[in-house]
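Below is one structure, written out as structure tokens; the observations come after it.
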Amino acid sequence: MDAFIDTFFNIDIMRQAFPLLMKGAWITLQLCAFVIILGLLGGLALALAAVSPRGWLRWSAVIYIDFFRALPPLVLLIFVYSGLPFAGINLSPFVAVIVAFLLNNSSYFAEVFRAGINSIPKGQTEAARATGLSPAQTMTYVVLPQAVRNVLPDLLSNTVEVVKLTSLASVVSLSELLYSANMARSVTYNSSPLVLAALLYLAVLWPLVRVVSRYQRGLAVH
Amino acid sequence: MNARRYMLEVRGLGKTFGETEVLKAIDLNVSEGELVFIIGPSGSGKSTMLRCCNRLEEPTSGAILIDNARITDIPRRDLDRMRLNVGMVFQGFHLYPHMSVIKNVILAQIKALKRPADEARQRGMELLDQVGLGHKADAMPSELSGGQQQRVAIARALALDPKVMLFDEPTSALDPELVGSVLKVMKDLRDKGMTMLVVSHEMAFAREAADRVVFMDGGYVVEAGTPDEIFGNPKSDRLKSFLSRVSGGAH
Chain A
1056 MDAFIDTFFN
1066 IDIMRQAFPL
1076 LMKGAWITLQ
1086 LCAFVIILGL
1096 LGGLALALAA
1106 VSPRGWLRWS
1116 AVIYIDFFRA
1126 LPPLVLLIFV
1136 YSGLPFAGIN
1146 LSPFVAVIVA
1156 FLLNNSSYFA
1166 EVFRAGINSI
1176 PKGQTEAARA
1186 TGLSPAQTMT
1196 YVVLPQAVRN
1206 VLPDLLSNTV
1216 EVVKLTSLAS
1226 VVSLSELLYS
1236 ANMARSVTYN
1246 SSPLVLAALL
1256 YLAVLWPLVR
1266 VVSRYQRGLA
1276 VH
Chain B
510 MNARRYMLEV
520 RGLGKTFGET
530 EVLKAIDLNV
540 SEGELVFIIG
550 PSGSGKSTML
560 RCCNRLEEPT
570 SGAILIDNAR
580 ITDIPRRDLD
590 RMRLNVGMVF
600 QGFHLYPHMS
610 VIKNVILAQI
620 KALKRPADEA
630 RQRGMELLDQ
640 VGLGHKADAM
650 PSELSGGQQQ
660 RVAIARALAL
670 DPKVMLFDEP
680 TSALDPELVG
690 SVLKVMKDLR
700 DKGMTMLVVS
710 HEMAFAREAA
720 DRVVFMDGGY
730 VVEAGTPDEI
740 FGNPKSDRLK
750 SFLSRVSGGA
760 H
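In structure tokens, the structure reads:
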């Protein structure tokens, strides 16, 4: 039992590793901020394209969304970081991670937004257009506010996925939270830093997951 | 006798959905201040005809004029301005559920009509009072009965000061005890001189309030006349059988 605690819950080692993990957490936070904010904006733009009356625009968006949802994010990341240099495109690990996960995640956000837009009855659009609102105004003031409200749990759920996804950045040696923890493990010959990293992820994500499931249950009741 | 000018003219209107010909050369005029009722069995093309009048549906052939302007010639991207002149009320109300009653009535005034916010609010309150719902201005649509929601929808359409009001089965989705309040608002509107084209099954209201009644069946206007002519002395067999079915269903 002591050996177990010493290997996984060694307070001294956790204390030593803590500053390094905090640096890693800060990088993770920056990654999340970029990928979530840009992913939401990109996803919204893609979703609007995907419901456009213009055929070419709609099909381009649908192909993009399908392609990047089908492609494993790790494959995409390694391609962007290690594959693109052969074409003369060298990206820093930080930028490579953002580019790869943005390509991947904007398509997930797009799918959520599109489902939200499609959940709004046609009568809402017709009523708005009948009062002289333009297609853009109808989308902005009538459809989107309702659509976003309908898919809020899914947007939040996807946001949780982004946070988890960022741990893949460790494979391109970006010193985010998981990479830092693994570094500390190899230096201290002790797994406690990994446990600490896991606890940090849990501390942030557990409440979010709770909110999502409460929200979804709430919606199911109505 | 009618010396008044036409506010709405439908000339040879045709509409096909795929292979199906829903409207076959409809001719119909509504004079300024007139209330014209359209009756007919379901599937007769009444609603489609109405929806062509603000181009929610695209006519396949023919022309529609609102206040002497051919709205069927307007390019699709310029429809918004025309629609300010044509108010529409739907069977399903379609209030915006995420906005308060007054915001429902204000939105298009500000965004489409470009009316200043305080003026839009004032006009909105006037109209809510007119439909008897001034005290519900800050309520959400979900807190209102169907009849109240429909009256808000009427106020929302009137807020743009349209030249014509189109009503697409405005009371069909309502519980019977709520129908009266909506019909009363429509009657008041008629008395104020609004030009109205109404698709509805409220035969008693048509008798009482309509200037003219148009009977449609199978995509044609079969018969048109005053309520007395249509209900008291129907000429075509199709109208006779329709009226007997409707009154048979009512009793």
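Read top to bottom, the protein sequences are chains A and B. Its first residue numbered 1056, the first sequence is counted upward by one per residue in the working numbering. Its first residue numbered 510, the second sequence is counted upward by one per residue in the working numbering. All residues carry an ideal CB built from backbone N, CA and C; glycine is no exception.
Listing by chain order, which chain A residues have their CB less than 9 Å from the CB of residue i?
i	result
Arg721 of chain B	Result: empty, since nearest Cβ-Cβ is about 24 Å, beyond 9 Å.
Leu565 of chain B	Glu1181, Arg1184, Ala1185
Residue i touches chain B at which residues, Cβ-Cβ below 7 Å?
i	result
Ser1281 of chain A	Only positions 1056 to 1277 of chain A appear in this structure, which leaves residue 1281 of chain A out of reach.
Tyr1256 of chain A	Correct list: empty, because the minimum Cβ distance to chain B is about 35 Å.
Ala1182 of chain A	Phe599, His603
Tyr1244 of chain A	Result: empty, since nearest Cβ-Cβ is about 57 Å, beyond 7 Å.
Please classify residue i: does DSSP put it in a helix, a strand, or coil?
i	result
Arg721 of chain B	strand
Val545 of chain B	strand
Ile583 of chain B	coil
Glu530 of chain B	strand
Glu518 of chain B	strand
Val1264 of chain A	helix
Leu1093 of chain A	helix
Leu692 of chain B	helix
Asp700 of chain B	helix
Ile1175 of chain A	coil
Phe599 of chain B	coil
Anyone know if the C-beta pair for residue i and residue j falls short of 9 Å?
i	j	result
Leu1220 of chain A	Asn1159 of chain A	yes
Ala662 of chain B	His710 of chain B	no
Tyr1136 of chain A	Pro1148 of chain A	yes
Lys524 of chain B	Ser556 of chain B	no
Leu637 of chain B	Ala664 of chain B	yes
Ala1125 of chain A	Val1117 of chain A	no
Ser1161 of chain A	Asp1121 of chain A	no
Met1069 of chain A	Ser1247 of chain A	yes
Met649 of chain B	Val610 of chain B	yes
Decide if residue i is buried, meaning its Cβ has at least 16 other Cβ atoms within 10 Å, or exposed.
i	result
Leu544 of chain B	buried
Gly549 of chain B	buried
Asp700 of chain B	exposed
Pro772 of chain B	Here chain B covers residues 510 to 760 and nothing more, so residue 772 of chain B does not appear.
Leu1280 of chain A	Given that chain A is displayed from residue 1056 to residue 1277, the structure contains no residue 1280 of chain A and the question cannot be resolved.
Ile1017 of chain A	Here chain A has residues from 1056 to 1277 only, and residue 1017 of chain A is not among them.
Ile1060 of chain A	exposed
Ser1225 of chain A	buried
Phe1164 of chain A	buried
Pro568 of chain B	buried
His1277 of chain A	Because the pLDDT of His1277 of chain A is 48, which lies under 50, any placement of that residue in the model is unreliable, and the number read from its coordinates should be weighed accordingly. By the neighbour-count rule (16 or more Cβ atoms within 10 Å), His1277 of chain A is not buried but exposed.
Leu1188 of chain A	buried
Asp1209 of chain A	buried
Lys744 of chain B	exposed
Would you report the Cα separation of residue i and residue j, rounded to the nearest angstrom?
i	j	result
Ser1241 of chain A	Val1150 of chain A	26 Å
Leu763 of chain B	Arg560 of chain B	Nothing can be reported for residue 763 of chain B: it is not among the residues displayed for chain B, which extend from 510 to 760.
Ala572 of chain B	Met703 of chain B	22 Å
Leu1075 of chain A	Thr1062 of chain A	19 Å
Val1259 of chain A	Leu1232 of chain A	13 Å
Arg585 of chain B	Ile1091 of chain A	37 Å
Ala1182 of chain A	Gly1098 of chain A	26 Å
Asn1205 of chain A	Ile1133 of chain A	35 Å
Pro1140 of chain A	Trp1111 of chain A	32 Å
Gln1201 of chain A	Phe714 of chain B	36 Å
Val614 of chain B	Gly728 of chain B	34 Å
Arg1169 of chain A	Gly641 of chain B	39 Å
Thr1180 of chain A	Gly656 of chain B	21 Å
Leu1271 of chain A	Gly554 of chain B	Reading off the sequence, residue 1271 of chain A comes out as Gln, not Leu. Approximately 42 Å between the Cα atoms of the pair.
Asn1237 of chain A	Asn1065 of chain A	15 Å
Met516 of chain B	Ala1088 of chain A	57 Å
Just the chain B side, please: which residues come within less than 8 Å of residue i by C-beta, in chain order?
i	result
Gly1178 of chain A	Phe599, Gly601, His603
Pro1282 of chain A	Nothing about residue 1282 of chain A can be read from this structure; chain A reaches only from 1056 to 1277.
Arg1204 of chain A	His607
So which residues on chain A does residue i lean against when the C-beta distance must stay under 8 Å?
i	result
His644 of chain B	Those do not exist, as His644 of chain B stays about 23 Å from chain A at its closest Cβ, beyond 8 Å.
Arg592 of chain B	Arg1184, Ala1185, Thr1186, Gly1187
Lys620 of chain B	Leu1188, Gln1192, Tyr1196
I'd like to know whether the C-beta of residue i is nearer than 9 Å to at least one C-beta of chain D.
i	result
Leu637 of chain B	Considering every chain present, this structure includes no chain D. Its protein chains are A and B.
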